[in-house]
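Numbering (this note's numbering), first residue to last: 10 to 179.
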């Protein structure tokens with residue numbers, strides 16, 4: 010497919026499902042009922058949470074293959090090709106986190122996984138349009154930072170949603 014070819018051309022990872030392959034990074038969970046082989050969820054967020062749990066804990070052959078790829082370290086820093094920006098975390102966001110930030114040597118059950126939380130005061134957010142630097146309570150992020158960067162800094166998903174809304178208003 011075009012997506013696979015593009016991912017290969019940039020040295021990236023194609024994150025979508027591939028019908029012709031047993032080994033791919035696609036999410037077996039979906040909140041849209043367009044493929045009867047997928048496990049239906051109530052929301053994108055639930056699909057992402059279930060994907061993380063599945064990748065970390067499942068004995069499914071494909072989940073085990075994904076874990077092997079993630080643990081090997083060969084994917085670190087590679088761009089992830091996804092079909093579109095959802096304006097909310099997707100399984101590609103989760104994949105990025107599992108590749109670049111998750112501590113596989115100290116892995117714990119996804120159900121036990123909680124991101125450390127920090128109170129976020131949205132009045133302490135500013136954007137320097139010349140440099141593209143977003144400052145949040147003294148911490149600097151590139152304006153293009155995604156959910157992964159904010160979550161890794163300890164902000165929860167809900168706080169990150171609020172932050173993204175605030176950024177859009179700046």
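Even glycine gets a Cβ: it sits at the ideal position worked out from N, Cα and C.
- Pick helix, strand or coil for residue 134, following the three-state DSSP scheme. strand
- Message: Excluding the 5 residues flanking residue 71 on each side, which residues of the same chain have their C-beta closer than 7 angstroms to its C-beta?
- Response: Exclusion of the five residues before and after residue 71 leaves 31 and 32 as the residues of its chain whose Cβ lies within less than 7 angstroms of its Cβ.
- Message: Quick check: residue 84 and residue 108, are their CB atoms within less than 7 angstroms of each other?
- Response: yes
- Specify, as a first and last residue, the run of the alpha helix (DSSP H) that residue 57 falls within. Taken as a continuous stretch (DSSP letters only), the alpha helix (DSSP H) holding residue 57 covers 53-66.
- Query: Expressed to the nearest angstrom, what Euclidean distance is found between the alpha-carbon atoms of residue 101 and residue 148?
  - Reply: 25 angstroms
- Task: Could you pull out every residue in the same chain whose Cβ sits closer than 8 angstroms to the Cβ of residue 56, ignoring the five residues on either side in sequence?
- Result: 36, 38, 39, 40, 50 and 100
- Task: Pick out whichever of 80, 87, 48 and 74 has its Cα sitting closest to the Cα of residue 114.
- Result: 80
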